[in-house]
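Numbering (my numbering), first residue to last: 1 to 89. By construction, the Cβ of each residue, glycine as well, lies at the ideal position given by its N, Cα and C atoms. What you are looking at is a predicted structure, and each value in this text was computed from that prediction instead of being measured. The block underneath contains the structure these notes are about, expressed in structure tokens.
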């Protein structure tokens with residue numbers, strides 16, 4: 001596998017985490033009260049949480065693209081946004 005192939009595989013692996021983080025952070029700005037952080041900072045935190053969930057699912061199941069992995073991605077992004085918004089108060 002060449003470096004360009006590795007880049008495309010990595011981009012394909014991280015694309016769902018980026019898309020979900022972007023949608024969650026922008027939707028939270030519209031539906032919830034502002035948290036004091038910029039949407040870019042919230043997106044970066046959601047992206048890191050989603051990437052961690054995808055990596056954990058890849059490690060646990062041995063392959064990418066499982067529905068449980070994508071469910072963990074959505075749960076991780078939603079949970080991090082919930083924590084950022086301090087919604088437990």
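query: Taking its Cβ as the centre, do 16 or more other Cβ atoms sit within 10 Å of residue 20, making it buried, or is it exposed?; result: buried
query: Apply the 10 Å Cβ neighbour rule to residue 69 and answer buried if 16 or more other Cβ atoms are within range, or exposed otherwise.; result: buried
query: Given a cut-off of 8 Å, decide if residue 56 and residue 78 are closer than it, judged by their beta-carbon atoms.; result: no
query: Residues in the same chain with beta-carbon distance under 7 Å from residue 51, minus the five sequence neighbours each way, listed in chain order, please.; result: 14, 17
query: What do you reckon, are the CB atoms on residue 84 and residue 29 nearer than 8 Å?; result: no
query: To which residues of the same chain is residue 80 closer than 7 Å at the C-beta, ignoring the five residues directly before and after it?; result: 45, 46, 49
query: Give every residue of the same chain whose Cβ lies closer than 6 Å to the Cβ of residue 152, excluding the five residues on either side of it in the sequence, and list them in chain order.; result: In this structure the chain extends from 1 to 89, so residue 152 is not present and cannot be described.
query: Around the C-beta of residue 54, are 16 or more other C-beta atoms found within 10 angstroms, so that it is buried, or is it exposed?; result: buried
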